[in-house]
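**Q** Residue numbers (this note's numbering): 6 to 629. The beta-carbon is built from N, C-alpha and C at its ideal position, and this holds for glycine as well.
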């Protein structure tokens, strides 16, 4: 009870300091000094301290099972392991928003510390707009989503955390994802500050690129961790299923990726300034829209844990105010610098711009596929679900020219390039890609022209990116690493999609099931009592022709609070393919439903995303 009270009052004090920062910042704008007033740093530090203390109090409330706190009661239990008591702090609506608030305050302080070489008025303008966002989050928490609501009488036991959230990856996935989302707020506020102070130039691009990289890397890692979790925990047996909340995280990622490329053009050539600002505003807008869709309960997803229209309405109004304010500032204060540049079709600038067009198309498809069911339900009261066929049909055809552009774009020069129609090395690599693809098509008996072309260009992109590492010019080494990672990702996805196999059947203990090239033996089951669940572990022996016999042990977990049954897949991982087995109990009899999958190149999908992140990180830490 003590931690709940301390956390609430600390949150109130943090809000007071946040409001205090506004007049302090405006006052300092009129002072003709190069450094920001020390009182601003002190107030901001105190704001951070009290928000951090509030969050720590919430953690201790979860650790001590303080059921006088409403969200502890709704999301915890005395038998829950310590790790999941702590992760339960942000595994709910209120706690996750408090964590977002903490990151917002932390990031603006880091911004002021790391931007000492930037103009003072630009820094303060960024601070002012960021504080508007922070105040909005404070009000959201205090008015609609108070994490310190008191219960009386105090319950003796809690309702427990959703069992599928009791996982090591889920302990770190949300915080990392929030770091990516909140990083876009600094980019947003910085863009508004740069517009107001007429600071949209190459110097601004050099500085803000670091924040773009930080946000992009965290968002990438967060998405990948969520994908890995869904792969083994939900029993989906794949890396992406176009779940609405998956799409919500993908949209700002696509926008950030486009921004990362366009900001380089602004840095090097003082071009695409207006477009970079639009992308900067759009990134944060998409993050906030995602928050609205998830928190309002509109979306039906395994990720959603809030269903309160009042919260959604608050976010919608707040988002409308932010967008309206940013648009007013953009149209009335932004004065683009018109500079004459000679631009050529075959140049790096053009390549980046076309890259951005593709990114916007991919983003538009994901956006339409995510929100269209919502509008259809509102207008016609008809519920539909848009799945992989829709996205594959619209995305795959445009992915082919996108891959081709990626294979030639990085090698183009700024301003212009002496484009040669004949390049012996590139032609040789293209012919080699066709030959390899031909052998793949013969082996798989694939008769899809679209997929055939996609295979050719994914292999071609991989070859060209590898070739780039052996060129004399290593100026864009970080870029080459990321592009190689992306080429490996696309190739792994294509190979995974073509060669994956799946077997689904019902089977009893002691039986065997024969399939085309092997046999599945269901040997036995074992039951074990864990801290807060009963574990039923099955023993399967799988023998495939000309392959080594393997043992797989999928698991059923029966949780007591709340009473829930979850399926835990067992996966045998190797460099070439994953062996995936998940089971479910068939109600009313002693049969178990099993799904056995072979997933080629699965581990390379995860590894390639790590390689993609390495490139920007090298760019981030390298010396000028």
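1) Measure the CB-CB distance between residue 576 and residue 525 and report whether it falls below 9 Å.
2) Are there 16 or more other CB atoms within 10 angstroms of the CB of residue 353, so buried, or fewer, so exposed?
3) Which residues does DSSP list as the beta-bridge partners of residue 605?
4) By the three-class DSSP mapping on this structure, what secondary structure does residue 374 have?
5) Just checking my contact of residue 553 with residue 544 at CB under 8 Å: how many whole Å lie between their CB atoms?
6) Check residue 569 in the structure and name its three-state DSSP category.
7) Do residue 258 and residue 218 count as a contact pair if the criterion is CB distance below 9 Å?
8) Count the other CB atoms within 10 Å of the CB of residue 94; is the residue buried (16 or more) or exposed (fewer)?
9) Go through its chain and collect everything with a Cβ distance to residue 457's Cβ below 7 Å, but skip five positions before and after it.
10) What would DSSP say about residue 610, mapped onto helix, strand or coil?
11) Residues in the same chain with beta-carbon distance under 7 Å from residue 48, minus the five sequence neighbours each way, listed in chain order, please.
12) What first and last residue would you give for the alpha helix (DSSP H) that runs through residue 574?
13) What residue does the alpha helix (DSSP H) around residue 505 start on, and which one ends it?
14) For the putative contact between residue 288 and residue 192, defined by C-beta atoms under 8 Å, what is the C-beta separation to the nearest angstrom?
15) Is the beta carbon of residue 414 less than 9 Å from the beta carbon of residue 360?
16) Sorted by chain position, which residues of the same chain lie with C-beta nearer than 7 Å to residue 500's C-beta, five sequence neighbours on each side aside?
17) Can you name the residues that DSSP bridges to residue 155?
18) Using a 10 Å radius around the Cβ and a threshold of 16 neighbouring Cβ atoms, would you call residue 618 buried or exposed?
19) State buried or exposed for residue 515, treating a residue as buried only when at least 16 other CB atoms are found within 10 Å of its CB.
20) For residue 126, collect the residues of the same chain with a Cβ closer than 7 Å to its Cβ; drop the 5 residues on either side in sequence, then sort them by chain order.
21) Using C-beta distances below 8 Å, list every residue in its chain close to residue 234, excluding the 5 sequence neighbours before and after it, in chain order.
22) Do residue 134 and residue 187 have their C-beta atoms within less than 9 Å of each other?
23) From residue 306 to residue 7, what distance separates their C-alpha atoms?
24) Whole angstroms is fine: what's the gap from residue 540's alpha carbon to residue 482's?
25) Would you decide whether residue 595 is buried or exposed? Buried here means 16 or more other CB atoms lie within 10 Å of its CB.
26) Any idea which residues DSSP pairs residue 590 with across the strands?
27) Candidates 574, 462 and 357: which alpha carbon is nearest residue 419's?
28) Measuring only the C-alpha atoms, how far is residue 518 from residue 585?
29) Who are the near neighbours of residue 295 in its chain, counting only those whose CB is closer than 6 Å to its CB and skipping five residues on each side?
30) Among the residues of its own chain, which have a CB less than 7 Å from the CB of residue 180, if the five just before and after it don't count?
31) Could you compute how far the alpha carbon of residue 142 sits from the alpha carbon of residue 355?
32) Can you tell me whether residue 248 is buried or exposed? The criterion is at least 16 other CB atoms within 10 Å of its CB, across all chains shown.
33) The alpha helix (DSSP H) spanning residue 125 covers which residue range?
34) For the putative contact between residue 152 and residue 564, defined by C-beta atoms under 8 Å, what is the C-beta separation to the nearest angstrom?
35) So if DSSP puts residue 531 in a beta bridge, which residue, or which two residues, is it bridged to?
36) In terms of DSSP beta bridges, what is residue 517 paired with?
**A** Here's the rundown:
1) no
2) buried
3) 582
4) helix
5) That belief does not hold up - the Cβ atoms of residue 553 and residue 544 are roughly 17 Å apart, past 8 Å.
6) strand
7) no
8) buried
9) 442, 446 and 451
10) helix
11) 22, 25, 26 and 29
12) Segment: none, residue 574 is in no alpha helix (DSSP H) and carries neither H nor E.
13) No alpha helix (DSSP H) holds residue 505; DSSP gives it neither H nor E.
14) 6 Å
15) yes
16) 605 and 606
17) 74
18) buried
19) exposed
20) 34 and 202
21) 172, 174, 175 and 178
22) no
23) Note that residue 306 scores a pLDDT of 49, beneath 50, so its modelled location is shaky; the value from the coordinates is reported in the next line. For residue 306 and residue 7, the distance between alpha carbons rounds to 35 Å.
24) 49 Å
25) exposed
26) 597
27) 357
28) 16 Å
29) 253
30) 95 and 104
31) 40 Å
32) buried
33) 125 to 149
34) Not a contact, Cβ separation roughly 24 Å.
35) 542
36) 526
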